[in-house]
Amino acid sequence: MAKGKCTYQVGKSAEGGRTDYVYAVNKKNLPAGEKLKLKKYDKQLRKHVLYTFKDVK
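Shown next, in the form of structure tokens:
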């Protein structure tokens, strides 16, 4: 069976909030060796913060 085109990644807050985001990323659109960084809303901190995403294992 063939592998899917998307990988799942979990984002951790740079500010230290406890909220995590799970994000489906297409492997073709993300350059190799580069981590995905997005600004998302953290419910505990009540503001937008930078999230760094890593692959789920």
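Going by my numbering, the residue at position 47 of the sequence shown is 357; the numbering climbs one at a time, nothing skipped. Where a beta carbon is used, it is the ideal one built from N, C-alpha and C, also for glycine.
Reference residue i; option with closest CA among the options
i	options	result
G327	K353, V366 and T317	K353
V359	S323, K315, Q319 and G314	S323
Y331	A342, N339 and Q319	Q319
Cβ-Cβ distance between residue i and residue j below 9 angstroms
i	j	result
G321	L348	yes
Expected contact under 8 angstroms - CB spacing of residue i and residue j to nearest Å
i	j	result
T317	K337	6 angstroms
K364	K345	7 angstroms
Alpha-carbon to alpha-carbon, residue j and residue i
i	j	result
A312	V366	19 angstroms
G329	K350	In the sequence under discussion, the amino acid at residue 329 is Thr, which differs from the Gly named in the question. Answer to the nearest angstrom: the Cα atoms are 10 angstroms apart.
K315	V335	8 angstroms
N339	Y333	14 angstroms
Local conformation of residue i per DSSP, three classes
i	result
N336	strand
K364	strand
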